Structure formats: C-alpha cells, structure tokens
Amino acid sequence: MKDTVAPSALEGTLLGQMVTRWSGGPAELLSDAEETTILHGAGEKPGFMPLAKKGDRIGGEDGQRFELLERLGAGGMGVVYLARDTLLDRPVAIKFILQAPTDDSGRELVERFRGEARASARLSHENIVRVFDLGSAAGVPFLVMEYLEGRPLDAVLAEGPLDARRVVGVIIDIVRGLSHAHRASIVHRDLKPANVFVTRDGRAKIVDFGLASVVAGRADHPTSPLSGTPRYMSPEQWRGEDQDGRTDLWSVGVMLFEMLCGRSPFWRDHLSEVRQNVLSEAPAPLLRAFRPELPEQAEAVAARALAKDVARRFGTAEELLDALVGLELALARPGRAGEEPAERPRTRASERRQVTLLSCSLVEALALAEVLDADAYADVLDGFLDICATVARQLDGAVVAAHGGHALVCFGWPAAHEDDAERALRAGFLIVDSVRGLAGSGGATLAARIGICSGSVVADKREHEAAPRLLGELPHVATWLEGQAGPHEILLSGRARRGSAGRSRSRPAASGDRPGPDARSRCCGRCGRVARSAGSTARRRS
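See the structure below:
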C-alpha cells in the first residue's frame, strides 16, 4: 500500500519524522513490509547512532554492567539487543534509541524515549514487559527490560490462524495488561500484534509503550495525537482528538476481529480509504458475516469494542475483560473446559501461601437430583463445574477441589498476584451470572452462592495430584461463608473485602458469626453488582 498525504498531516508524529527523514520528500506512507525494511535499516542511515557490537559493555556505575551479546531486532523507537546483566547474572533485553540527539528532531525522539521509560517503569504486571533500568551510553539513552523467550504475536499469526478459544485467551491476556496500565492513567495508543509478545508458556505480554500518553501529567510527556499505526487507529486518533483507555480498546477490537476472521474490519488499499472507512458513520462489519459458526457473544464483543462513538464502547478494560471471559465460556460449550494449560508454574511439595479462596455451590443441588433424571442432573453439575473451571483459569486461579455441586477455587496458587482478592470477586460475579444460563427443571433459573475469604494456607502438592491440598482453617471459613449466602449472593470476609476495595459494598457481620483467622476485621459483605442483577434478593444483616 502506498498513499501520499500532506506533510502537515503527520507533522510531529514518530512515523512522519522517520518517513520524511528517510525518503527526503513528502510523507509517503508505506506498507507494513516496506516500513519494516526501513526500520531494520535505520542503523545504516546517515545521522543515526552507530550500531553497538557484540562484547560492548554499558551501564552501571562503571559503565561495565551490561554485556551486549547479539542484536534481536528493531522497531519504531529503537534497536533491541540481548545482553547479560553481569551484576545479577541474568539475561536482559536492552533497547537503544535509533537516532542520536544531534538536532531538534533527534532531541525530541530522545525525550519520547525517556517518556517511555518513565511510563513503563510505573507498570508491574505479568502481561506487560517489565522495565528494570534506564541509562545512557555515549549520550544515547537505553532501556533495560526483561528478556522474553518466545515470538511476537504477528510472527505467530503468520504461521496460520489460531483456534477461537486460543484467540480469546491471548486477547484476555492483553486486556489484563491494559487494565493495569489504564489504572495508572497510561494509554498505549499503538496496540497491534507486533507490540504483543507471546512467551514460550503461551502468555501474552504487551511491549513498547513508546507512544504511550500519560494522561495525568501530559504536560511533561508531549505526544502527538496522530501517533499510532493506521490499521489499528481509532476514529479519535484519526481526528487528532484527546484519547483515553477506550482508544486502546478499539485497537483490541481490531485485533480480535482480525484474529478470528483473518481480515481487518476497516483495511483498504490506500490510506485515504482507511481513514474514510474508519471515520464514516457506517458501523464495523459484523463478525459473524465471516465466521457464522461463532457464538453471538463474539459478535457482540467485537461490535462494542469497535463502536465508532467512543461513548458506546466498553467503558473500561475490566468491562471488556468480563465480556471476554463470558465469550470464553460460550466457546467452551458443549465440550469440557476444565483442562489446565499445558504448562503451569510449579510449587514445592509443601509451602505456606497467602491466598484468596472462593467457595461456590449450586443452590439446592440435592433437590435437583430428585426432580431431574440422571443424565440431566449430570449435565447440570458438569455445566456448573465447567463454569467454575473456565472462569478460574481465565483469571489465573485454580479449582483445587470439586465434587457434586460444589467447587473451591484458589487465587494465589499456582501464581500469586497482588490483586488476587479482586480476581476472586470478579470470578464470583462471572460465576453467578453464568450459572443463570444453566437450564434447571422445567427451564427454571439456577442459582449459585459464593463465599470469599483471604488468608494463609499450607499448599501440600503431591507429584501425582493436579492440585494441592490446602491445609488450615481458611477453606472451612470460605465454605462457611458460602453456606450463609443466599441465591445469587456473594459474602466476603473482611480481609477479602479490603483486598477487593472498590468492587464490593459490605456491612459488619452479626456478633454470632463464625470466628476465623480474620476475626478482628471480620465482616460479611454482599456485592452491590450481584445484588442489582435480575432475580437477586436483597438480604440485609444487622
């Protein structure tokens, strides 16, 4: 694709600076392949920093901490090398800026690079590449980042399409990372498969916040509103308007559509046609026009993410995440969804862990056995356990016990997160809502009840067992809380409520509540969102 546009249209953008500088003429937008060729050849262009070579040492107090091992590649902001951190004896990735600060435009690129470092250093999440350090060598700034073994998502997709459940799993990882970034008021603004890295264990991580906009403090981090990659740019980006996290959600919608349908929803042969297509009043094409076998939820998620009116999109990454987990559940039916991923972090045989437990049961499960035949009853229980397993897996939890109409889900094993209590509460919302979709006797609506508590357990993992035994009082507290809950209701311990602050509203427990490890700050809370769901019964406790 080639299309010539007025230089002013790209003035101040990273793409405009690079293309104008390299072509020597008006800003001519290039195809992805041509752009990649230009970026990888940047190191040989006059005026750019000389390429570092294997064996060079940089960084640290003595300038010798990081030993460069090999060049890994180049992108819109810089050249990336594999290096060894000689102090901590670990591999790292080091990213240099492409251009030395020899003129005004060069200094602007350096400032953007420093802005990338400041933005990225504020983020610590398993779905975002970690930034360890910032330094400079011969006046050229560089970032020290975690070294990832795997491949960029665009390279994965080049080998062939992924199945729908794998696509949704990758998108869920991306949205998790975005949720964390958006909470820090950081917008990526250039999400695309090339900026997503898939590690060997299948986890997707967002890379390159080089075009990020720090919403709270934009004055010290100026970036052009037109920064981005045309194929994934939102209407507000094309118009040069202010952007927030919903701009990233548009890009996610484009990626979801592309990965499921094998084509972009708005792409055309020329840039002017792409712009016109995105800015027209016509809605995005319907996903199921290309993949009619996919569930309606897939089309609904894509359509809302790609709403051209920003006010009609998902309001937050968390809203989109909940919708994606619901889509994963829809894709899992009617097959089993409880299999664990092929690779999981391993624990020791026995270890003490801080966890959040979710105890969940199907209300009146025994009564169902009396009115349903054996096959129908088994289908209901299988559907319930499938829901629990799928929701747990997508929020990085694990079902550690399941029997009949009851499941115990652990957040904090095998992987621990700072927001495990919030993940558990979100899982509770999703389970309660999803169980409503199960068919009971005569089409009656089924209900789940849930108890959530946080604290310490001993995880006793035996090699031949898929999940550990959780030793201690906490599992009993979670089960007791669940037993006190009504249909469609979630009860939380005080520690779990504090850990999930902002997602629940709770009130003190009665004096007769069962004592436990959280007794001093004990309270039972009913989640406001669940209580407002259709069919919920408001239960008040003094």
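Numbering (full-length UniProt numbering), first residue to last: 1 to 542. Even glycine gets a Cβ: it sits at the ideal position worked out from N, Cα and C. Owing to the predicted nature of the structure, the values given are computational and were not obtained by experimental measurement.
Item, Value
"Have a look at 132, 315, 146 and 378 and flag the residue whose alpha-carbon is nearest the alpha-carbon of residue 179.", "315"
"Cutting at 6 angstroms between CB atoms, please list the residues of its own chain near residue 92, excluding the five before and the five after it.", "83, 85, 144 and 147"
"Using only the alpha-carbon positions, how far apart do residue 418 and residue 412 sit?", "9 angstroms"
"Helix or strand or just coil, what does DSSP make of residue 147?", "coil"
"Using the Cα positions of residue 288 and residue 321, report the straight-line distance between them to the nearest angstrom.", "21 angstroms"
"Could you have a look at residue 262 and say whether DSSP puts it in helix, strand or coil?", "coil"
"Using three-state DSSP, classify residue 129 as helix, strand or coil.", "coil"
"Put residue 492 into one of helix, strand or coil per three-state DSSP.", "strand"
"Between the region 351 to 370 and the region 474 to 489, are three or more C-beta pairs nearer than 8 angstroms?", "yes"
"Using the C-alpha atoms, what's the distance from residue 80 back to residue 72?", "5 angstroms"
"Does the ligand GTP have a heavy atom nearer than 7 angstroms to the CB of residue 286?", "Among the ligands in the structure shown, none appear at all, so the ligand GTP cannot be discussed."
"Would residue 455 and residue 470 be called neighbours here (beta carbons separated by less than 8 angstroms)?", "no"
"Express the C-alpha separation of residue 451 and residue 499 in angstroms, rounding to a whole number.", "14 angstroms"
"Is the region 394 to 409 touching the region 362 to 382, taking contact as three or more C-beta pairs under 8 angstroms?", "yes"
"Shortest alpha-carbon distance to residue 558 belongs to which of 459, 448 and 423?", "The structure shown does not extend to residue 558, since the chain is modelled only from 1 to 542, so the question has no answer here."
"Under DSSP, the alpha helix (DSSP H) around residue 429 begins and ends at which residues?", "420 to 435"
"Look up residue 160 in the DSSP assignment and say whether it is helix, strand or coil.", "coil"
"Can you give the beta carbon distance from residue 170 to residue 153, rounded, assuming they're within the 8 angstroms contact cut?", "7 angstroms"
"Report, in whole angstroms, the separation of the C-beta atoms of residue 391 and residue 301, which I expect to be a contact under 8 angstroms.", "The pair is not a contact, with the Cβ atoms about 16 angstroms apart (cut-off 8 angstroms)."
"Ordered along the chain, which non-local residues of its own chain (more than five positions away) have a Cβ less than 8 angstroms from that of residue 125?", "176, 177, 180 and 181"
"Taking the continuous alpha helix (DSSP H) assigned at residue 384, which residues delimit it?", "374 to 394"
"What is the DSSP secondary structure of residue 228, counted as helix, strand or coil?", "coil"
"In terms of DSSP beta bridges, what is residue 356 paired with?", "411 and 454"
"Taking the beta strand (DSSP E) that residue 325 falls in, what are its first and last residues?", "Note, residue 325: premise wrong, no beta strand (DSSP E); alpha helix (DSSP H) at 317 to 332."
"Taking only the alpha-carbon atoms, compute the straight-line gap between residue 416 and residue 128 and give it to the nearest angstrom.", "16 angstroms"
"Is the beta carbon of residue 197 less than 8 angstroms from the beta carbon of residue 119?", "no"
"Is DSSP giving residue 338 helix, strand or coil here?", "Any reading at residue 338 must be qualified, since the residue scores a pLDDT of 36, below 50, and its modelled position is unreliable; no value is offered."
"Based on the DSSP secondary-structure assignment, which residues constitute the bridge partners of residue 85?", "66 and 90"
"Apart from the five residues just before and just after residue 377, which ones in its own chain have a Cβ nearer than 7 angstroms to its Cβ?", "368 and 369"
"Quick check on residue 97: buried or exposed, where buried means 16 or more other Cβ atoms within 10 Å of its Cβ?", "buried"
"Residues in its own chain within less than 6 angstroms of residue 24 by CB, not counting five upstream and five downstream?", "The predicted position of residue 24 is uncertain, since its pLDDT is 32 and thus under 50; no value can be drawn from it."
"To the nearest angstrom, how far is it from the Cα of residue 297 to the Cα of residue 257?", "13 angstroms"
"Tell me, please, which residues DSSP counts as bridged to residue 476.", "Residue 476 pairs with nothing; no bridge assigned."
"Taking a contact to mean a Cβ-Cβ separation below 8 angstroms, would you say residue 167 touches residue 243 in this structure?", "no"
"Only counting the same chain, and skipping five residues up and downstream in sequence, which positions put a Cβ closer than 6 angstroms to that of residue 420?", "356, 411 and 412"
"What does residue 460 pair with, by DSSP beta-bridge criteria?", "350 and 469"
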